[in-house]
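Everything on this sheet refers to the single structure shown next.
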Amino acid sequence: MHALAGRLFPICRSITGEGVRRSLRMLGEMIPLELHEVPSGTRVFDWTVPQEWNVRDAYVANARGERVIDFRRHNLHVVQYSTPVRTRMTLDDLRSRLHSIPERPNAIPYRTSFYKETWGFCLTDTQLRAMEPGDYEVVIDASLTDGSLTYGELFIPGDTGEEVLVHAHCCHPSLANDNLSGLVVATYLADAILQSARRYSYRFVFLPGTIGPITWLSRNENRVNHIRHGLVLTGIGDPGPFTYKRSRRGDALIDRAMPHLLKSAPATTRIYDFEPYGYAERQYCSPGFNLPVGCLMRTPHATYPEYHTSDDNLDFLRPESLEESLRLLIDLVHLLERDRRCMNLSPKGEPQLGKYGLYGSTGGTGVDTRQMALLWVLNSSDGSATLLDIAERARLPFSVIEEAASELETAGLLKPLEHDVTFREAGDWRGESPIAGEKP
Amino acid sequence: MHALAGRLFPICRSITGEGVRRSLRMLGEMIPLELHEVPSGTRVFDWTVPQEWNVRDAYVANARGERVIDFRRHNLHVVQYSTPVRTRMTLDDLRSRLHSIPERPNAIPYRTSFYKETWGFCLTDTQLRAMEPGDYEVVIDASLTDGSLTYGELFIPGDTGEEVLVHAHCCHPSLANDNLSGLVVATYLADAILQSARRYSYRFVFLPGTIGPITWLSRNENRVNHIRHGLVLTGIGDPGPFTYKRSRRGDALIDRAMPHLLKSAPATTRIYDFEPYGYAERQYCSPGFNLPVGCLMRTPHATYPEYHTSDDNLDFLRPESLEESLRLLIDLVHLLERDRRCMNLSPKGEPQLGKYGLYGSTGGTGVDTRQMALLWVLNSSDGSATLLDIAERARLPFSVIEEAASELETAGLLKPLEHDVTFREAGDWRGESPIAGEKP
Amino acid sequence: MHALAGRLFPICRSITGEGVRRSLRMLGEMIPLELHEVPSGTRVFDWTVPQEWNVRDAYVANARGERVIDFRRHNLHVVQYSTPVRTRMTLDDLRSRLHSIPERPNAIPYRTSFYKETWGFCLTDTQLRAMEPGDYEVVIDASLTDGSLTYGELFIPGDTGEEVLVHAHCCHPSLANDNLSGLVVATYLADAILQSARRYSYRFVFLPGTIGPITWLSRNENRVNHIRHGLVLTGIGDPGPFTYKRSRRGDALIDRAMPHLLKSAPATTRIYDFEPYGYAERQYCSPGFNLPVGCLMRTPHATYPEYHTSDDNLDFLRPESLEESLRLLIDLVHLLERDRRCMNLSPKGEPQLGKYGLYGSTGGTGVDTRQMALLWVLNSSDGSATLLDIAERARLPFSVIEEAASELETAGLLKPLEHDVTFREAGDWRGESPIAGEKP
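Protein chains in written order, with the working numbering: chain A, 20 to 459; chain B, 20 to 459; chain C, 20 to 459.
Here it is, written out as structure tokens:
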């Protein structure tokens, strides 16, 4: 995943343009991603799809013709969606167009102006302070023209039409954790799901920020009612512990499943209530949709100093963090696929588990975790509790409870409820991660 | 307010009598208070309006004719509702009639015997210990005669018949915090409300303890169903932080509004659950009425040493505490007047706030409190949440959320629900306290 | 109670057999316990009543004929339900049949093998390490034959058919706290109930572990719907503080009553949520029954080192702990018998308590606990709250609230609701413990 991120990193992405297309095509080499183009000017709810922005070159050169700011060195040097410019001006006149971070003097900030026509440059504060008074040549060789907004989508059908939505942002140029991490982990997750039986259908969407989910929602308004669970993936490659932000509903299954899985995480994790600032969950959770979509991060946006600067680079992105994030998501899929409500077929008193080889024969000592899990599943399975309910009440990992339920089903002591059977027979989400190995 | 309290302080109030009438007439100079007289002997639920008590003089004089206890020096020297007496007795015989506080030797206690005929004197423990054995002349020149119970009421009509009840006690003689503080703050609050447009009607009642609210409830039994919110004001002039005691319901709007406003208070405040001991809320919250009436105090009764003694005097009453209490109540009225449920008119995704001048144009940095408030109001306004609900969820002050809602309404992105519109157009509770300045 | 436990201690009980019969007959000298016999082979839900096990002698003797392990010295020396054996074998061959506790070298463990045919001995680790290599004579003179499972039951009819179930285990040999404590306290409790009027009927069952409650439930399947409250008593004679484990429902009345009573206990007590491991509550709370049955312990099973060893002896059993456990249960019966919902007959404002002699006449000072209890009962008695509800809200002991309710009923200010009247007139559970004194 880190290698894939390395290939994507140099491309200059924005909310539209060639960089987005190149990036999505690169991911399309791994998974059968479908590219969609939505023409500039298309009305999408309260918004309008903007013109397409492409930039060929941009620089500020001093009197000696030396490029003191050079887009060719770093994509972040140009304010995103800058209008074309070709002029000469003094440093004093230019200054209000230059963005730096005094308290982080060697980092280039990331700045945008998608919906107000302007232009500007971003540079390190060290660069800025080194600029001498005098005249400068200022060039942004960019185009803002009618074109289209590009996004990627992959629908993986399951045995039912109930959908799981997985969202990753595809718009930031040369920022690694935000959000190449989400793109590469989502791609590997999709690949894993493609290789497995499943009851749910899965829909992966790779969209630019804000206008992306608004455009997608506007084009899929009548389809979103199939979404049962959803997750926005962003900033999941840094070394920090996991953070889960609940959906607006707060009590959706995903809002219980993620905290449950995170209880088993090695480090302390954070669970946040929904708030209407953040990523695409802002749109999925707008009151007109109110979808059960949460957001998975590691260190939350804007709370690490590398955020939205050139320091969010490939060094900041950790292979082991990407791997751990993928494993967590595979555990989540396993939970969603295997969760079910069951009926205890021997509900009066406990069944004699020893008869079925499920219980030790020597009495007088205690029980182990597996036996506790068997007892919990039997005691709670009156048709109302899901396996996740049971895992929460028993304070045992879902996987342990699910294993116990499967053993009891094999022994004929338990059966899943009708609807959940359908779901369950489709699912084959037990054991190891289905990822086949390294991808190119 | 402190000056007004200073004029009221010397008057000898009780649960009936001339002192109450004089006090209410003095308040009537500021606000159009209506005085009601309920004849002695009137049955009010399980109680009977008592005889009217008036005291002209009372003293205990020693053999040399010196008044060692003298009602003319302090109203508290006589046990309230003492029967008339004119006799001579030895100190030993008199002793059981004398009340002092050994652990607070220079304070005169406040004692009453409203419903059992007896008489007695209160004095400082220093006075008591200075009394020499021997004969004393004992005089209480008081009358207990058929008359009436007096109370004051002010009804301020609003655009709807839904009422807010504000209660202050008017019965304690020469005790400043308990409860001249409540009377003067309520008077100034009424004056402020009179000068403003409003959707709610407001009912101010100035009543003696226990028998007062029972009498009032008995005469207004069929009217109390108009009361939507109510508050008993008592002990709100001392230097301590605020205390709010919830209504019996515990989840009335007032029970959420007061704690919300107190979160912004400068000092740590206390929120207490209802208990059936305290002030007039005992009667308003009796099971036959169960009105949404809470109680606002600063330091709770009986937990400060000055309580019910001559040390609860004008020095103990702080002008700045009275002012702060009034401001809090004006904030409460603002909240009640302006709270409403709204509909987001652009509920699918976020509206493009920048189009309406409500959002900064440069992206890549965070949002400020105002923008968060806009996002919260939009995200939560599905017609179910009130602005107070939103403020609580957003952990932002009501005033900030309300301001955002007004901006969105102006922009045409939000509209209040029908019923709340009616309410809202009447209200004009924005900006500064409407109090015009000093009153005589 | 300790003396009674002392008589029961030497008897070799198991889940079936003569020891159980002798024990139950001994308890039957105090209370009219009925003995039931269920034939071996009877199907009881998923189980089968096992053969009856009786052991006459058992030993391991060394080459010199000395009994190095001797059942006659301690009942725990034989693994329960050992099959008969009479052979010679070397220490090496014997070793896998010998159970000791290395970390507690002077204690004999308690081991069983009820449902898998095997045999074995238990001994102290000191004994084990003293055994020299060589040949041993190994004898277990036991019989496993068709017979019956024996249990005791006592039904004490009350004025209604609503039942309280009290369960004690009767199966462990020569273990004092686990569970002679439960048997003797239950016996004394039954005796106390027999001597009192009561609205509830009480059903005491003395059963062997696991197969006992399963057998009883299987034979009383259509009767259990009468059970309103139930309690398993086990390990209530050790010096530790009380532990209450909630029923599966978690919100049954017993689940609130026990924690309420334990709040007044002298030591810190523990309240545990239900889990499906433990005692007979596992069966009563299986999903096919889901009865409101909790479990009362002192130190929880398996958390004290004496548990399931020969150190759980008569010294470990404390007379004062047994007495305190009995008093708690009598308080529980008092609560169940006297709990009721009442109507305040003077619900508008407070009644004038002074008229009824229920309130002090001098005002200006505070109220005492009794007066607070009167106010709480009046304020809360709108027909929805039980006295336990009120006690919980008021944070006062049930007995204080109940006393206040009785005073108010006497004064004509309160009346219990119809259904609760029926219940209440039957009950006579006020004042002292009805236990007549020492029993043989």
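Just so you know, even glycine gets a beta-carbon here, dropped at the ideal spot from N, CA and C. Treat the numbers as computed from the prediction; the structure is a model and nothing was measured.
Task: Cβ shell of GLY38 of chain B (< 6 Å), same chain only, five flanking positions each side left out - done: The residues are ILE30, CYS31, ARG32.
- [ ] Could you name the residues that DSSP lists as bridge partners for ILE88 of chain A?
- [x] DSSP, once it has assigned bridges, lists A:VAL79 as partnering ILE88 of chain A.
Task: Residue from B:GLY228, B:PRO435, B:HIS55 with nearest C-alpha to ARG238 of chain B - done: Of all alpha-carbon atoms in B:GLY228, B:PRO435, B:HIS55, the one lying nearest the alpha-carbon of ARG238 of chain B is that of B:HIS55.
Task: Identified DSSP bridge partners for LEU341 of chain C - done: DSSP links LEU341 of chain C through a beta bridge to no other residue.
Open item on the list: Rounded to the nearest angstrom, what separates VAL419 of chain C and LEU345 of chain A at their Cα positions?
Closed with: The straight-line gap from Cα to Cα measures roughly 60 Å.
- [ ] Could you confirm whether any beta carbon from chain A is found closer than 8 Å to the beta carbon of GLU422 of chain B?
- [x] Not an interface residue.
- [ ] Output yes or no for whether 8 Å exceeds the beta carbon distance between THR262 of chain C and MET316 of chain C.
- [x] Their beta carbons are under 8 Å apart, which means THR262 of chain C touches MET316 of chain C by this criterion.
Open item on the list: In whole angstroms, give me the CA-to-CA distance for ALA195 of chain C and THR287 of chain B.
Closed with: Computed Cα separation, rounded: 54 Å.
Task: Neighbour list for TRP66 of chain B in chain C, Cβ cutoff strictly below 7 Å - done: What TRP66 of chain B touches in chain C: GLN371.
- [ ] Name the one or two DSSP bridge partners that LEU433 of chain B has.
- [x] Bridge partners of LEU433 of chain B: B:ASN363.
- [ ] Counting only the same chain and skipping the five closest in sequence on each side, list residues whose C-beta sits under 7 Å from that of ARG242 of chain A.
- [x] The beta carbon of ARG242 of chain A is closer than 7 Å to none in its chain, skipping five residues each way along the sequence.
Open item on the list: Judging by CA-CA distance, which residue of A:LEU202, A:LEU281, A:LEU208, A:ASP160 is the nearest neighbour of ARG44 of chain A?
Closed with: Considering only A:LEU202, A:LEU281, A:LEU208, A:ASP160, the residue with the shortest C-alpha distance to ARG44 of chain A is A:LEU202.
- [ ] Spatial neighbours of THR145 of chain A within its chain, please: CB distance less than 8 Å, with the 5 preceding and 5 following residues excluded, ordered by chain position.
- [x] Excluding sequence neighbours, THR145 of chain A sits near PRO124, ASN125.
- [ ] Could you check what DSSP says for TRP72 of chain A in three-state terms: helix, strand or coil?
- [x] Correct three-state label for TRP72 of chain A: strand.
Task: Within chain C, partners of TYR296 of chain B - CB distance below 7 Å - done: Residues of chain C passing the Cβ test: VAL386, MET391, LEU394.
Task: Per DSSP, the bridge partner or partners of GLY249 of chain A - done: In the DSSP output, where bridge partners are listed per residue, GLY249 of chain A has A:LEU184, A:VAL312.
TODO: Check LYS135 of chain A in the structure and name its three-state DSSP category.
DONE: Coil at LYS135 of chain A, not helix or strand.
Open item on the list: Once the 5 residues before and after PRO232 of chain B are set aside, which same chain residues still bring their CB inside 6 Å of it?
Closed with: Excluding positions up to five away in sequence, the list reads LEU226, ALA299, GLN302.
- [ ] Find the residues of chain B that neighbour GLY254 of chain C, judging by a C-beta separation of less than 9 Å, and give them in chain order.
- [x] Chain-order list of chain B residues neighbouring GLY254 of chain C: empty, with the shortest C-beta distance near 37 Å, by a criterion of under 9 Å.
Task: Residue burial classification, THR429 of chain C (beta-carbon count within 10 angstroms, cutoff 16) - done: Classification of THR429 of chain C: exposed, given that the 10 Å Cβ count is below 16.
- [ ] Sort A:ILE409, A:LEU433, A:LEU394 by Cα distance to CYS361 of chain A and report the nearest one.
- [x] If you compare the alpha carbons of A:ILE409, A:LEU433, A:LEU394 with that of CYS361 of chain A, the shortest gap goes to A:LEU433.
- [ ] Take GLY177 of chain B as the anchor and find which of B:SER403, B:TYR291, B:GLU356 has the nearest alpha-carbon.
- [x] It is B:GLU356 whose Cα lies nearest to the Cα of GLY177 of chain B.
- [ ] Just grab the DSSP bridge partners of ALA205 of chain A for me.
- [x] In the DSSP output, where bridge partners are listed per residue, ALA205 of chain A has none listed.
TODO: Report the residue from B:GLY368, B:LEU333, B:ILE255 whose alpha carbon sits nearest the alpha carbon of ALA187 of chain B.
DONE: Per the Cα distances, B:ILE255.
Open item on the list: So ARG265 of chain C and ASP292 of chain C are supposed to be a Cβ contact under 8 Å. How far apart are they, rounded?
Closed with: Correct: roughly 6 Å between the Cβ atoms.
TODO: State buried or exposed for GLN99 of chain B, treating a residue as buried only when at least 16 other CB atoms are found within 10 Å of its CB.
DONE: With 16 or more neighbouring CB atoms inside 10 Å of its own CB, GLN99 of chain B falls in the buried class.
TODO: Can you tell me the Cβ-Cβ gap for PRO103 of chain A and ASP154 of chain A, rounded? I've got them flagged as a contact below 8 Å.
DONE: That pair is no contact at about 20 Å.
Task: Buried versus exposed call for PRO121 of chain B [16 or more other C-beta atoms within 10 Å across all chains shown] - done: Exposed, since its Cβ has fewer than 16 Cβ neighbours within 10 Å.
Open item on the list: Do ILE34 of chain C and LEU163 of chain C have their beta-carbon atoms positioned less than 8 Å apart in this structure?
Closed with: No, the Cβ-Cβ distance between LEU163 of chain C and ILE34 of chain C is not below 8 Å.
Task: Nearest to PRO58 of chain C (by Cα), restricted to the options C:GLU136, C:ARG116, C:GLY36 - done: Distance from the Cα of PRO58 of chain C is smallest, within the candidate group C:GLU136, C:ARG116, C:GLY36, for C:GLY36.
TODO: With a threshold of 16 other CB atoms inside 10 Å of the CB of SER115 of chain A, please say whether the residue is buried or exposed.
DONE: Under this definition SER115 of chain A is an exposed residue.
TODO: Give a yes or no on whether the C-beta atoms belonging to PHE140 of chain A and VAL97 of chain A are separated by under 8 Å.
DONE: The answer is yes: Cβ separation under 8 Å.
- [ ] Enumerate in chain order the residues of its own chain whose CB-to-CB distance from ASP165 of chain A is below 8 Å, with the five nearest sequence positions on each side excluded.
- [x] Non-local C-beta neighbours of ASP165 of chain A in its own chain, meaning closer than 8 Å and more than five positions away in sequence, comprise PRO58, SER59, GLY60, GLN70, GLU71, ordered along the chain.
Task: Anticipated Cβ contact below 8 Å, LEU184 of chain A with ARG222 of chain A, distance rounded - done: LEU184 of chain A to ARG222 of chain A, Cβ: 5 Å. Contact.
Open item on the list: Quick check on the DSSP output: the beta strand (DSSP E) that includes PRO58 of chain C runs from which residue to which?
Closed with: Looking at the DSSP string, the run of the beta strand (DSSP E) that includes PRO58 of chain C is 53–58.
Open item on the list: List, in chain order, every chain B residue whose beta-carbon is nearer than 9 Å to that of ASN398 of chain C.
Closed with: Contact of ASN398 of chain C with chain B by beta-carbon distance below 9 Å involves ARG267, PHE293, GLU294, PRO295, ARG301, CYS304, SER305, PRO306.
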